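Line by line, the protein sequences give chains A and B.
The letter at position 360 of the first sequence is residue 360 when you use the numbering used here, and the numbering goes up by one with no holes.
Take any residue in the second sequence, note its place counting from 1, add 441, and you have its number in the numbering used here.
Glycine included, every Cβ here is placed at the ideal spot set by N, Cα and C.
Just so we're clear, the structure is a prediction, and the values are computed from it rather than from any experiment.
Number of protein chains: 2
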Amino acid sequence: MTEVRTLKVALLGCGNVGAQVARILIDDAEALAARTGAQLLLSGIAVRNIDSPRDVELPRELFTTDAETLVKDADLVIELMGGIEPARSLIVTAIQNGAGVVTGNKALLAQDGPRLYEEADKAGVQLSYEAAVAGAIPIIRPIRDSLSGDRITRVLGIVNGTTNYILDQMDSTGAQFADALAEAQRLGYAEADPTADIEGHDAAAKAAILASLAFHTRFALENVYCEGITKVSAADIAAAKDAGFVIKLLAIAEKVQNSVHGNGGEGISVRVHPTLLPREHPLAAVRGAFNAVFVEAENAGELMFYGQGAGGTPTASAVLGDLVSAARRLVLGGPARTETTTGHVPALPIAASSTSYYIGLDVADQPGVLAKIAHIFAEHGVSIEIMRQTIHRDAESQAESAELRIITHRASEAALAATVEAVKGLEIINSVTSVLRVEGV
Amino acid sequence: MTEVRTLKVALLGCGNVGAQVARILIDDAEALAARTGAQLLLSGIAVRNIDSPRDVELPRELFTTDAETLVKDADLVIELMGGIEPARSLIVTAIQNGAGVVTGNKALLAQDGPRLYEEADKAGVQLSYEAAVAGAIPIIRPIRDSLSGDRITRVLGIVNGTTNYILDQMDSTGAQFADALAEAQRLGYAEADPTADIEGHDAAAKAAILASLAFHTRFALENVYCEGITKVSAADIAAAKDAGFVIKLLAIAEKVQNSVHGNGGEGISVRVHPTLLPREHPLAAVRGAFNAVFVEAENAGELMFYGQGAGGTPTASAVLGDLVSAARRLVLGGPARTETTTGHVPALPIAASSTSYYIGLDVADQPGVLAKIAHIFAEHGVSIEIMRQTIHRDAESQAESAELRIITHRASEAALAATVEAVKGLEIINSVTSVLRVEGV
């Protein structure tokens, strides 16, 4: 029998995901050795506080507060600390030492991905991050490798389970946003400070990573337009439902005509916002805290990848998949799978993107209202697909008011914004109750 | 500027998929060169008859009937001829010459995959086959690589678009099988001779490939139990619908207790049969000719991969993805990604598998019928989950008959078969109208 090589694995961080990764490394050592051809030895776990309670019981002697020393002695480094520093410096140290790095740190990748990929390229080491987007769902390899002979035109992702849970609750129970959020917090689907989720920041980081992969160009967080779900009302949800739609927070990256830089070429619009989707769209059926990424490619057509987007054990599965690949490379040799960025497509501002829109208006119940509004839309070059008026009568005062719901054909953000401004100026308009983007029509 | 290396690509077969692969190789040469670091030169297309009509107009000088010579001069070989011979011999020749091979030949892989993987391992060349299962859907890399640190427990796949289209039509229109098949043939979703699809043979080949990947053991077609959809009646579909189910032809590979070989270990049940799925199951929403593969893993939980399972252009996307990977390996060096078969889990016969069952019975409308039937189920150790009786009265004769629908808890095939036999022997039973397996409950 040949001697089996041992690879030292340093784990940085022991939260939800880290604890499960440690457990699997210990419990499944034999299976992992069979798959990689090497013994994966968990050489230590760097944490801030050794005495913090953990989800999994782990040998105390594995813990250390000296991450730097642990990293310098490792063949493979798993970074699950989150945040920018010291995660970034430790990853750079690992790369410079020639260690393969596996990370789930979406915030760091969205901010500094380009520089880290470059460092890894230079050092010829593999930097893997399947766990950073959509938890357990295999999405990095399919986009980067399986679709490498195709041209992706659009990616639509439900990549934040907290907001999907909240919107799903609002849709199925009619709850207001604040109540659905409170319920999500009670059940552990939302954190005590839910800002990063409900304001869309978490989804925006993932959008930057997905866009970079799909369009072979390095996009960072500052290229992503971001709008959260805090302004989505129960009335919006009800109106959407009534019209055959569901509201989802989508991370979108799509190829569009570059109308901004005036070179007539293509650009990429990367954005996160609440979006109406037809109920028969495959993403509409993604319920609760699940995630899914919908990809459109020129040849492959429509694809969807679905699964658990968070949680310690599912995310640990993605980390381990990356670790096995990195270990196999160390055992068998061969080049690191680096991030090729052959494209240099510019990121376009939200003003350059175009979608369909849903507009809700509270209008005076007078003859000629529809004609006046339709006229303003036409003036601004925004074509109306559906216009529906509902008359409400107040039970006490018997006063009538009318609600107007409009779905437009694809229009530019700029044209739509100008249209809404002009509509607001009409005397017959009591208020613009909602303006939401629509996909999949 | 450094000289860009040229890689000669031989294409074997120019049907639906082959013609699209040739088109993309020519039209997207620049993008493919940027992704691989090499010029991919389509050096020739081997066909049986040069004058056959093709979907795509291609330079006549590319065509040859001498596949052997073409293969011997190629760096990369794409085999899309289908069938066993001469495809097998040509692939072996390519492997022995050190060429990377990409194939979409599920029948060949299901029959001779083990031998071909071994040949490729020995020669250190890559044998890729993403296009062989579920067309455009990236499924091979996710199962083989992304989930390599996890343990898959079950794979459920809708991997045949023809049968999914037929069952979907029967479900939405109430059509009988024969009419839905005729409609599918008229629309080009089913072939003139639909046997391979409707009898489940095509799905069985894919089941063998999926099972081999998921359980790190080489399974062949003879390990797959196979039952097609020809006996599924409009009445079955209606009854399923009524009970909140949809009927899908599933390719199933799952880990089960090995009750056959008596070593108490695990075995794998690989099978294809019509299956009742709850309407809220993610696979239930897979409509028309689409495909999807649902994967359950110990850590990742439930995952689903969805997309177009057939068609020239979508399948070509999968072929090109494999080709880019194989070309990158030739350019950058490194070991071939061979098929590790670290597991040696035995394939179990259908008798060893267990599922829930749906049983439809036409019974006499007499007191005590339910008790008698329930007694027989209990005697055979088959536990009933739901039992529902519907009374029909014939409009003319006023004679009453009763229909009994039973859904069992998980039971072994053997126990179920014995139960059905015993039930058939009861005087109060007019007929057993259907026995169908149920998943996802």
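Taking the C-alpha atoms as reference points, what is the distance between Arg446(B) and Leu332(A)? If you number the second sequence from 1, residue 446(B) lands on position 5. If you number the first sequence from 1, residue 332(A) lands on position 332. Taking the straight line from one Cα to the other gives about 25 Å.
Just the C-alpha distance for Gly149(A) and Ile465(B), rounded to the nearest angstrom, thanks. As a position in the first sequence, residue 149(A) is number 149, starting the count at 1. As a position in the second sequence, residue 465(B) is number 24, starting the count at 1. Answer to the nearest angstrom: the Cα atoms are 9 Å apart.
Return the residues of the stretch 133-157 of chain A that lie within a Cβ-Cβ distance of less than 9 Å from chain B, sorted by chain order. Gly135, Ala136, Ile137, Pro138, Ile139, Ile140, Arg141, Pro142, Ile143, Asp145, Ser146, Leu147, Ser148, Gly149, Asp150, Arg151
Would you kindly check if the distance between the Cβ of Tyr117(A) and the Cβ of Leu108(A) is under 8 Å? In the first sequence, the residue the question calls residue 108(A) occupies position 108. In the first sequence, the residue the question calls residue 117(A) occupies position 117. Cβ atoms of Leu108(A) and Tyr117(A): not closer than 8 Å.
When the Cα of Leu628(B) is compared with those of Gly602(B), Thr636(B), Gly641(B), which residue comes out closest? Mapped onto the second sequence, residue 628(B) falls at position 187. Comparing Cα positions, the closest option is Gly602(B).
Chain B contacts made by the stretch 359-370 of chain A, where a contact means CB separation under 7 Å: none
Step through the CB atoms of chain B and report whether any lies within less than 8 Å of the CB of Leu323(A). As a working note, residue 323(A) is residue 323 in the first sequence. Chain B contact via Cβ: present.
Closest Cα partner of Asn258(A) within the set Arg218(A), Val345(A), Arg144(A), Phe215(A): Here the question's residue 258(A) lines up with position 258 in the first sequence. Per the Cα distances, Val345(A).
Could you tell me whether the Cβ of Met442(B) comes closer than 8 Å to any Cβ of chain A? Counting from 1 along the second sequence, the entry for residue 442(B) is found at position 1. At Met442(B) the pLDDT is 46, less than 50, meaning the model places this residue with poor confidence and gives no usable figure here.
Return the first residue and the last residue of the beta strand (DSSP E) that Gly748(B) is part of. As a position in the second sequence, residue 748(B) is number 307, starting the count at 1. Segment 742-749, the beta strand (DSSP E) holding Gly748(B).
For a test of the three-state rule: what should DSSP assign to Glu739(B), helix, strand or coil? For the purposes of this step, residue 739(B) is identified with residue 298 of the second sequence, where counting begins at 1. Three-state result, Glu739(B): coil.
Quick one: which residues of the stretch 279-293 of chain A get their C-beta closer than 9 Å to a C-beta of chain B? List them in chain order. Glu280, Pro282, Ala285, Val286, Arg287, Phe290, Ala292
What does Asn740(B) touch in chain A if you count any residue whose Cβ is under 8 Å from its own? The sequence position of residue 740(B) within the second sequence is 299, counting from 1. Neighbours of Asn740(B) on chain A, chain order: Gln20, Ile24, Ala136, Thr313, Pro314, Ala316, Ser317, Leu320.
Using a Cβ cut-off of 8 Å (strictly closer), state whether Tyr666(B) contacts chain A. By one-based count along the second sequence, residue 666(B) stands at place 225. Not closer than 8 Å to any Cβ of chain A, the Cβ of Tyr666(B) fails to qualify, so no.
Helix or strand or just coil, what does DSSP make of Pro583(B)? Position 142 of the second sequence, counted from the start, is the residue given in the question as residue 583(B). The answer is helix: DSSP assigns Pro583(B) an H, G or I state.
Using only CA atoms, which one of Leu276(A), Leu90(A), Asn97(A) lies nearest to Thr103(A)? Counting from one through the first sequence, the residue named residue 103(A) turns up at place 103. Nearest of Leu276(A), Leu90(A), Asn97(A) to Thr103(A), Cα basis: Leu90(A).
Per DSSP, what kind of secondary structure is Met81(A) in: helix, strand or coil? As a first step, residue 81(A) must be located in the first sequence, where it is residue number 81. In the structure shown, Met81(A) sits in coil (DSSP, three-state: anything other than H, G, I, E or B).
With DSSP collapsed to three states, give me the class of Met442(B). Here the question's residue 442(B) lines up with position 1 in the second sequence. Note that Met442(B) scores 46 on pLDDT, short of 50, meaning its location in the model is unreliable; the coordinates nonetheless yield the value given after this. In this structure, Met442(B) counts as coil in the three-state DSSP scheme.
Endpoints, beta strand (DSSP E) assigned at Pro278(A): Position 278 of the first sequence, counted from the start, is the residue given in the question as residue 278(A). Element bounds for Pro278(A): 266-278.
Please confirm if Tyr747(B) has its CB atom under 8 Å from at least one CB of chain A. For this step, residue 747(B) is matched to residue 306 along the second sequence. Yes, Tyr747(B) lies at the interface with chain A (some Cβ there is under 8 Å from its Cβ).
Spatial distance of Ile376(A) from Thr419(A) (CA atoms): Within the first sequence, residue 376(A) is the residue found at index 376, counting from 1. Within the first sequence, residue 419(A) is the residue found at index 419, counting from 1. So the alpha carbons of these two residues sit roughly 7 Å apart.
N-terminal and C-terminal residue of the beta strand (DSSP E) that Ser795(B) is part of: Along the second sequence, read from residue 1 onward, the residue named residue 795(B) stands at position 354. Taken as a continuous stretch (DSSP letters only), the beta strand (DSSP E) holding Ser795(B) covers 795-804.
In terms of DSSP beta bridges, what is Met170(A) paired with? As a position in the first sequence, residue 170(A) is number 170, starting the count at 1. Bridge partners of Met170(A): none, in fact.
Looking only at C-alpha atoms, which of Gln830(B), Gln480(B), Lys696(B), Gly822(B) sits nearest to Gly809(B)? On the second sequence, position 368 is the one that residue 809(B) refers to. Checked all of Gln830(B), Gln480(B), Lys696(B), Gly822(B); the closest Cα to Gly809(B) is Gln830(B).
For Arg88(A) and Asp73(A), believed in contact at Cβ under 8 Å, the rounded distance: As a first step, residue 73(A) is located in the first sequence; it is residue number 73 there, counting from the start. As a first step, residue 88(A) is located in the first sequence; it is residue number 88 there, counting from the start. So it is not a contact: roughly 20 Å between Cβ atoms.
Length of the line joining the Cα atoms of Leu503(B) and Leu42(A): By 1-based counting over the second sequence, the position of residue 503(B) is 62. By 1-based counting over the first sequence, the position of residue 42(A) is 42. Rounded to the nearest angstrom, the two C-alpha atoms are 55 Å apart.
State buried or exposed for Asn546(B), treating a residue as buried only when at least 16 other CB atoms are found within 10 Å of its CB. Translated into the one-based positions of the second sequence, residue 546(B) becomes position 105. By the neighbour-count rule (16 or more Cβ atoms within 10 Å), Asn546(B) is buried.
Buried or exposed for Gly307(A), please, with buried defined as at least 16 other CB atoms from any protein chain shown within 10 angstroms of its CB. Start at 1 with the first residue of the first sequence, and residue 307(A) comes out as number 307. Result: buried.
Which of the three DSSP states, helix, strand or coil, is assigned to Thr230(A)? The residue given as residue 230(A) occupies position 230 in the first sequence. In this structure, Thr230(A) counts as coil in the three-state DSSP scheme.
Given a threshold of 16 other Cβ atoms within 10 Å of its Cβ, counted over all protein chains shown, does Pro723(B) qualify as buried or as exposed? As a working mapping, residue 723(B) is identified with position 282 in the second sequence. Answer is buried; the Cβ neighbour count reaches 16.
Do the stretch 231-246 of chain A and the stretch 210-221 of chain A meet, that is, are 3 or more Cβ pairs less than 8 Å apart? no
Partners in chain A for Pro500(B), counting only beta-carbon separations shorter than 7 Å: Your numbering for residue 500(B) matches position 59 in the second sequence. Near Pro500(B) there are no residues of chain A at all, since even the closest Cβ is about 21 Å away, more than 7 Å.
If we require 4 or more residues per run, which alpha helix (DSSP H) segments fall completely within the stretch 197-243 of chain A? 201-214, 234-242
Any C-beta of chain B under 8 Å from that of Gly333(A): Your numbering for residue 333(A) matches position 333 in the first sequence. Interface residue, yes.
Report the start-end ranges of each alpha helix (DSSP H) in the stretch 522-600 of chain B that is 4 residues or longer and not cut off at the edges. 528-537, 547-564
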